[in-house]
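Asker: Have a look at this one.
In my numbering, the protein residues as written are 714 to 1017.
What follows is the structure, given as structure tokens:
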């Protein structure tokens, strides 16, 4: 189903890495941002959904700009630029989340969606452009697998980082702010990290729900900032690797040429048999010396 020889092509490796990094650092935010808006800022689900519009609209519109950039920039430049913008978007969003600053938070979501917009189409195009038309289904399968693997792995890793940092921050805050409820700090932190803020606040009774809510939101935001910074590192590092990896293959060979190089390299190890050497020489003992000499001359001229 998959020709592993494709992974010997630097352009193909760079395009797959770009797809994976885009999914793990940008697309995954479609799942993580609503959780932060509800558990970190205390928005109800409907308001959190409306607050996601800047991110969604930017990701919807920006592929058109990516198509326009394709006239002036090479494929590896667009992919590296998109990942760089995703890195910047994660950093700005982390800045806004750290201080609960709505203008910075909205701006960061717009930048994040703007970087994901060009990547949404160009990563697929870069992967499909490496293989010939008859292998398009295989390339599409690899592209889709890379995308969903990036989303799943990114969600697991970033959620784990967010939970670890949030639990540590919440435990410390509860013991420092509400010393009488320090024994329940671990359970409180676990419930908040899992997204069950109402139950966590009820656990702190008879402490004021307002204070418990504030501690819960601040602790969850701390964990989310750590996840955003991790996603920014992934996007920035991948942008550098993709630019180097895809640029190392100089020239813009077509998909047929690129795949032919792999097939040619794979066939080098096959032995080459000469037709002249394959046919054995047969000497007739009944020939006279003169005839044999003449036959030898004819055989030599034939071999030549």
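Even for Gly, the Cβ is constructed at its ideal location relative to N, Cα and C. Note that the structure is a prediction, hence the values are computed from the model and not measured.
Could you check if residue 836 is buried or exposed, using at least 16 other CB atoms within 10 Å of its CB as the buried criterion?
Answerer: buried
Asker: Please report the distance separating the alpha-carbon of residue 944 from that of residue 733.
Answerer: 12 Å
Asker: How many Å lie between residue 977 and residue 717 at the Cα?
Answerer: Confidence is the limiting factor: at residue 977 the pLDDT is only 49, short of 50, which leaves the residue's position unreliable, though a coordinate-based value still follows. Answer to the nearest angstrom: the Cα atoms are 14 Å apart.
Asker: Are the Cβ atoms of residue 712 and residue 806 separated by less than 8 Å?
Answerer: The question about residue 712 has no answer, for the chain in this structure spans 714 to 1017.
Asker: Leaving out five residues on either side along the sequence, give the residues of the same chain with a beta carbon under 6 Å from the beta carbon of residue 826.
Answerer: 768, 771, 772
Asker: With respect to the alpha helix (DSSP H) encompassing residue 722, which residues constitute its N-terminal and C-terminal limits?
Answerer: Per DSSP, residue 722 belongs to no alpha helix (DSSP H) and is neither H nor E.
Asker: Whole-angstrom Cβ separation of residue 809 and residue 796, contact assumed at under 8 Å?
Answerer: Under the criterion of beta carbons closer than 8 Å, residue 809 and residue 796 do not qualify as touching, at roughly 21 Å.
Asker: In three-state terms, what does DSSP make of residue 970?
Answerer: With a pLDDT of 45 at residue 970, under the threshold of 50, the modelled position of that residue is not reliable, and no figure is offered here.
Asker: Helix, strand or coil for residue 772 per DSSP?
Answerer: helix
Asker: Which value, in whole angstroms, describes the spacing of the CA atoms of residue 1027 and residue 739?
Answerer: Because the chain spans 714 through 1017 in this model, residue 1027 falls outside it and cannot be assessed.
Asker: Keeping to the same chain, check which residues put their C-beta closer than 6 Å to that of residue 874; ignore five residues upstream and five downstream.
Answerer: Closer than 6 Å at the Cβ level, and outside the excluded window around residue 874, lie 939, 940, 943.
Asker: Assuming residue 751 contacts residue 868 under a Cβ cut-off of 8 Å, what Cβ separation, rounded to an integer in Å, is found between them?
Answerer: With 8 Å as the limit, residue 751 and residue 868 do not qualify as a contact, their Cβ atoms being about 16 Å apart.
Asker: Going by DSSP, what residue range makes up the alpha helix (DSSP H) through residue 743?
Answerer: If you look at residue 743, you'll find it in the alpha helix (DSSP H) that goes 742 to 752.
Asker: According to DSSP, is residue 732 helix, strand or coil?
Answerer: Three-state result, residue 732: helix.
Asker: Any idea what DSSP makes of residue 988, helix, strand or coil?
Answerer: Reliability fails at residue 988, whose pLDDT of 43 lies under 50, so the model's placement of it is uncertain and no value is given.
Asker: Taking buried to mean at least 16 other C-beta atoms within 10 Å of its own C-beta, is residue 882 buried or exposed?
Answerer: buried
Asker: In chain order, what residues of the same chain lie with their CB nearer than 6 Å to the CB of residue 898, ignoring the 5 residues before and after it?
Answerer: Correct list, in chain order: 884, 887, 888.
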